[in-house]
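Protein chains in written order, with my numbering: chain W, 1 to 376; chain L, 1001 to 1376; chain X, 2001 to 2376; chain H, 3001 to 3376. In this text, a Cβ means the ideal position worked out from N, Cα and C, and glycines have one as well. Note that the structure is predicted; figures quoted are calculated from it, not measured. In what follows, a structure is listed as structure tokens, so that the remarks can point back to it.
Protein chains: 4
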Amino acid sequence: MIEQDLDPYVKATEALTGVASVPVAVVGPLEIELGEYELQEPDGTLFERGRASDSVYVPLANTEGGLSISLYRGSRAAAESGGFRTHVLRDRVTRASAFLFEGTADAATFARWIETRLPDMRDWLTGANVEGLSRHAKLREIETHVVGPMCHVLYAYTTGDAVGMNMITRNSYALNQVFVAEHTPVKPRRIYLEGNMGGDKKISHRYFEAGGHGKTVIAECTLKEDAIRRVLRTSVDELLDLTFVGTHGAVASGMQSIAFTPATAIAALFIATGQDVGMVGTSSMAHGTALRVEGGLNVSIRLPGLEVATIGGGTTLPYARSWLRLMDCEGPGKVYRFAQIVAAATLSLEISASAAMATAGSENFYKAHFERGGLR
Amino acid sequence: MIEQDLDPYVKATEALTGVASVPVAVVGPLEIELGEYELQEPDGTLFERGRASDSVYVPLANTEGGLSISLYRGSRAAAESGGFRTHVLRDRVTRASAFLFEGTADAATFARWIETRLPDMRDWLTGANVEGLSRHAKLREIETHVVGPMCHVLYAYTTGDAVGMNMITRNSYALNQVFVAEHTPVKPRRIYLEGNMGGDKKISHRYFEAGGHGKTVIAECTLKEDAIRRVLRTSVDELLDLTFVGTHGAVASGMQSIAFTPATAIAALFIATGQDVGMVGTSSMAHGTALRVEGGLNVSIRLPGLEVATIGGGTTLPYARSWLRLMDCEGPGKVYRFAQIVAAATLSLEISASAAMATAGSENFYKAHFERGGLR
Amino acid sequence: MIEQDLDPYVKATEALTGVASVPVAVVGPLEIELGEYELQEPDGTLFERGRASDSVYVPLANTEGGLSISLYRGSRAAAESGGFRTHVLRDRVTRASAFLFEGTADAATFARWIETRLPDMRDWLTGANVEGLSRHAKLREIETHVVGPMCHVLYAYTTGDAVGMNMITRNSYALNQVFVAEHTPVKPRRIYLEGNMGGDKKISHRYFEAGGHGKTVIAECTLKEDAIRRVLRTSVDELLDLTFVGTHGAVASGMQSIAFTPATAIAALFIATGQDVGMVGTSSMAHGTALRVEGGLNVSIRLPGLEVATIGGGTTLPYARSWLRLMDCEGPGKVYRFAQIVAAATLSLEISASAAMATAGSENFYKAHFERGGLR
Amino acid sequence: MIEQDLDPYVKATEALTGVASVPVAVVGPLEIELGEYELQEPDGTLFERGRASDSVYVPLANTEGGLSISLYRGSRAAAESGGFRTHVLRDRVTRASAFLFEGTADAATFARWIETRLPDMRDWLTGANVEGLSRHAKLREIETHVVGPMCHVLYAYTTGDAVGMNMITRNSYALNQVFVAEHTPVKPRRIYLEGNMGGDKKISHRYFEAGGHGKTVIAECTLKEDAIRRVLRTSVDELLDLTFVGTHGAVASGMQSIAFTPATAIAALFIATGQDVGMVGTSSMAHGTALRVEGGLNVSIRLPGLEVATIGGGTTLPYARSWLRLMDCEGPGKVYRFAQIVAAATLSLEISASAAMATAGSENFYKAHFERGGLR
């Protein structure tokens, strides 16, 4: 095995023994018009305070021959069509604690009580002198779900530029064990920090539809007919027929997502930038569309739960920092920018892979995989 | 940025610029009774020719404080309960081509025809002199799905010790463009190599239920009451109440999977061993169970579509080979062994994380995240 | 064909030609502790102002031998265990209009605008002099969903004792065509009264989880061990093993609902009382639980979207009125009572059918179908 | 209450007390080209032995003003476009028994064994001298699903012109209690006749995709531009935009079905003809498509699990027989014809309701509901 200095990694994992290295390609530029956002207090509504255009190179950690070139081709078609436009629609991360009672009556009573406690809980989280509370994890909403003798309580937070799973774990634990324990009108049989409605690392319809685990982002581009023909070597008609087949194929197989291959781009960006790779599946939930408009084809992808960070966790490792820096996404205040770049890169690959598939018999898709299949 | 020799990676990706490195922990041993399997010709049925026990150390590429220790604790509880038992139930990978017609009548006619062509197609794939055909990708079943004016054709292959997406792409393209084009009784308006019923990198119910994209594997263990108390610091009753809450929470939120955090273990093993990280989401589809039995609690996890390889792709990179070698999973003939080890490691983490969550108020889960939250 | 006077039906349908008659059984009494509810203005929160117990006979329009007896047996087991308790958790009906633009940017702008218009829209609906507006359909929430170039707008109403599809259609149309058309900051390419997020007569996860199409109701009962043994001829252990198998079987097949046969009871009550039978599928979405508690087994069923009325539509027909009257559910002010009775009746059948299935080899289920299979 | 003779109903339900009557409209003719089918032995493959055209009037039991007229309008548009074409793709009804063991190893052993027993079980069902066995319910496939310590066994039957739930219950019980009990290599802890993978009266992805609970039927029509304009008062472009919005709205809300309002037509036909109304939900699972083709718009609806009968159960009641006779669907040998007529009627309503919704602001949909909202 190749020798490598393990010093930068000693705090990252117990039982540290070595490393795994993944090659990184850099492609671009992606031409993107990005929104600039801030959270409004105390409800955490996203406010778009402006928009600006930028050219960005993206790092792709991957071993899949053809991926880099294909994503690049998609970005060229977009650039020749006026570039991407990206939008952040929502920002939340959820911990869903569960309170188990002996019957539904108590669970319903508890739900009615806790639903009215949001302002008190916010105050308590800010003021309480409890070890481990995070001031960065701000409670935005409480929602309950009563089924059988249990009440699930969905605490929705914002967590700044971190994904924030540790922060919200600590705050939710404190709410359950101190605040709720002291005030609840009915005593639960059991309290669980998480009862599986929280959407962490497992795909669910709730979070596909409404977000609540990361950033809800859309990237779009109106591809011009000329760019479709010259850069993508296909046509609006061929792309629409593919969309017809692909959408109904997805529905027929009960696919969670209407898209082509978002996980490919997202995994490559996640590894390069030190994101939590266990979140590739949930972050890749995607809803893509294609609509014929005047002069071309409007294409878009909605990523309802993109779980990205520019501080904390793996983003602090040396490689991750440098790749984030390449995109001007290192450190505080950068997470919405980064989320939008990931969405634009994902759409780049969607465009190019779809175009390859749309050609007669999918000849161009086949050729790419035949000639550039990569390591064999 | 740290200097690193890029020579081993030049064939892995275009636009190669650097690397990303992830720290790797090694934990174990996991005590596992594994099945030994072979495929029967020509139908590709899995035959279990024997079972054997082994002690295995697993490499976990991760930056999540507490992960390694937690997985280790689960493996200890299992070891003190007689170890894991693993089973491979199915092995397939699917390419779902789509044929679009002007109406349903033609699509139905086409479906009836192609469903009877399996033996001919198998012969043709073996004998045809067509560039790019893979002999390793063996066609096992053809299934059709007619909806509206289209017929999706699901080609199910086995692909040896590789995941095989490139192989099955080449063979399916040849079937569509040569075999089908020559013999079809009705001419399609369009042919697409993939129409989104294939289950590649996007989660779907079809592949959750029946498999067809990778190995369908189950790992199980009957935890003894004593091990639950001493190693896991909880009880059968507490674990069953958590299972009740977690199962209904999953159903309530439309979660695809009934499980705790399979993606965490799978992502760590995938990065370390050069698997396709874009497949973490689909490979982490999981169906876990817990049932009180004489003397303890039977726990299990079913991974319907674990997409792993021991040859080809990223597994050929230097780090990946060495980590595969640690588990005696390098190279040909090892893929079923590797799939079973991944399932056992995943169940190890499920056991330990569930136990931490099951304690009063989930105190132990909280403490693990508070004290070992990792890089901040 | 039997002669029948068609006079009472002349306003019910165009092209009136005859009738269809279904035999009705009456069983009971069901012993139920019901909640009494009212809506708080202006948000439409349900307030439980009291609880009261009652004995109710229910009419079951059916031709399925064994159904009436089985439901009766479940009600006896419940009665010997202290009766049912029922709860209404939510009351809404949704029309989801859709606004299509040329791109996502406009759709996002539109969404941000309309989300703030709720108070204005409420005022407008109350005060506008527009033909066809209904004062009974009160707008409670507006939610938007932006995907691609479209913005779905989910108008959630309460509609008194009617289901109210016509009312909310008229009010939503007026909102779209007058209020929105006058004030929107961006002009849509198309406006559709319903864009398929509204949950009408097609099952969806959104409405399974959160309700929004009818009443969200739970019925529960804690079955005593003695009643389980004597009336149901089974045991807590057998019922829990069945629940284990049935829950995981439902998950394995991608079943929308964790339950046994709620549609059977709901269809029988819907036909008898003139409900919209096209809503049997959505109204039967169900989430059942069973948990061992001190002295017995707590069982419950959650019907998230029970679409019932006690005024309007088919409830005005002669038979329907008389069967509603039997339950003291005829006319205004009765809809929450009726919803709770339907839930209790549904749980009665769940209990009895589960018990029959839980016996060794499901012998009692088999016998019931063998001996009372009904018309052959 | 109206007096009515209860004699015809005495065998239909216990605790018979009265009837409920629903008005029936008759509309048509629907112009349909139907397939003629037979089952091939022993595998139960559907063979289309011919096709024939017919004009059919359909009975609609309903109280929804506008339904009859709307369905009629759809049938006129189809008639002016060459009529409907219908296809039956599959015919099965499933009973999914479940065998619970102490661990996965036994469940897997059991699965491997029973999967090879299909020919023996077929012989046994034909030859065994066991009370209650039905010769009409023919076993066609066995499929297993192992998860945790249980093995679900999906017995797929054909049942002639009946839905056949009682038949397959009896045959499956006999298989489990006699055949399996005698030969199984491992003894189960519990045997359940049904473990909830059977798809009875609860919607699931398995049966949406692959059928297996009733007839899988498609109806299609290629609407001519002229008929769209004159009869439906809309255009291909407007219909395609609505389809775009409606398909993505369905996906966004996690809707099981891509369609408009199939349950409305199916409920009306089910009540009129004595079908099991508890099956309206599952029978209404639907996958609709619309594709621009030369000269018009190809529209279709796929009903994967239409549970209809022309003999047995409620079809034997006087009203039901007469309404079945109107369509030449009474008695043996008529079930495929009836299934196709239901599909064509369902598509008629889909066409007309979609057209009303597609007009500017959905004006025509609004007007229909305003003017013909029915009983208020």
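Per the Cβ contact rule, the stretch 1200-1217 of chain L is in contact with the stretch 2240-2254 of chain X (3 or more Cβ pairs under 8 Å). Distance between X/Leu2046 and X/Leu2089, taken at the CA atoms: about 7 Å.
Using a CB distance below 9 Å, the part of the stretch 1232-1251 of chain L facing chain W consists of Glu1238, Asp1241, Leu1242, Phe1244, Val1245, Gly1246, Thr1247, His1248, Gly1249, Ala1250, Val1251, ordered along the chain.
Boundaries of the beta strand (DSSP E) around W/Met150: 150-158. The Cβ atoms of W/Gly164 and L/Thr1063 lie no closer than 8 Å to each other. For the stretch 2164-2183 of chain X, the set of residues with a beta-carbon nearer than 7 Å to any beta-carbon of chain H comprises Asn2166, Thr2169, Arg2170, Tyr2173, Asn2176, Gln2177, in chain order. Under the three-state reduction of DSSP, H/Arg3135 is assigned to coil, being neither helix nor strand.
Per DSSP, reduced to three states, the secondary structure at X/Arg2206 is helical. Bounds of the alpha helix (DSSP H) holding L/Ile1341 are 1335-1358.
X/Gly2361 sits buried, since 16 or more C-beta atoms from the chains shown fall within 10 Å of its C-beta. Between the alpha carbons of L/His1136 and L/Ala1309 lies a distance of about 13 Å.
W/Asn364 and W/Val236 have their C-alpha atoms some 16 Å from each other.
Residue environment: L/Lys1187 is assigned as exposed (fewer than 16 neighbouring CB atoms within 10 Å of its CB, all protein chains considered). Taking CB atoms only, X/Thr2289 has a neighbour in chain W less than 8 Å away. Residues of chain L with a Cβ closer than 7 Å to the Cβ of H/Thr3222 are, in chain order, Gly1103.
In the three-state reduction of the DSSP assignment, W/Asp91 falls in the strand class, which pools E and B.
L/Asp1161 and L/Gly1035 have their alpha carbons spaced roughly 16 Å apart.
Of all residues in the stretch 2290-2314 of chain X, those with a C-beta nearer than 7 Å to a C-beta of chain W are Leu2291, Val2293, Asn2298, Ser2300, Arg2302, reading in chain order. Secondary structure at W/Asp161: coil, using DSSP grouped into helix, strand and coil.
For W/Gly148, at least one C-beta of chain X is nearer than 8 Å to its own C-beta. By the neighbour-count criterion, in which 16 or more other beta carbons inside 10 Å mark a residue as buried, X/Thr2264 falls on the buried side.
Those residues of the stretch 1270-1287 of chain L placed with their C-beta closer than 9 Å to a C-beta in chain W are Phe1270, Ile1271, Ala1272, Thr1273, Gly1274, Asp1276, Val1277, Gly1278, Met1279, Val1280, Gly1281, Thr1282, Ser1283, Ser1284, Met1285, Ala1286, ordered along the chain. Around the beta carbon of H/Asn3129, fewer than 16 other beta carbons sit within 10 angstroms, so the residue counts as exposed. Per DSSP, the unbroken beta strand (DSSP E) holding H/Pro3059 starts and ends at 3045-3061. In this structure, the straight-line span from the alpha carbon of L/Ala1156 to that of L/Ile1301 is close to 24 Å. One alpha carbon belongs to L/Glu1143, the other to H/Ser3172, and they sit about 27 Å apart. Counting along the chain, L/Lys1367 sits inside the alpha helix (DSSP H) bounded by residues 1363-1371.
Separation of W/Pro29 and W/Arg76 (C-alpha to C-alpha, rounded to the nearest whole angstrom) is 8 Å. Around the beta carbon of H/Asp3007, fewer than 16 other beta carbons sit within 10 angstroms, so the residue counts as exposed. A contact is defined here as three or more CB-CB pairs under 8 Å, and the stretch 222-232 of chain W fails this definition with respect to the stretch 336-347 of chain W. Collapsing the DSSP output to three states places W/Phe179 in a helix. Secondary structure of L/Thr1216 (DSSP, three-state): strand. Nearest to L/Phe1179 by C-alpha distance, out of L/Ala1061, L/Pro1119, L/Pro1023, L/Ala1052, is L/Pro1119.
L/Ala1052 sits exposed, since fewer than 16 C-beta atoms from the chains shown fall within 10 Å of its C-beta.
Annotation: H/Ser3352 to H/Gly3199 spans about 30 Å, alpha carbon to alpha carbon. Residue pairing from DSSP places H/Ile3032 in a beta bridge opposite H/Asp3054, H/Phe3084.
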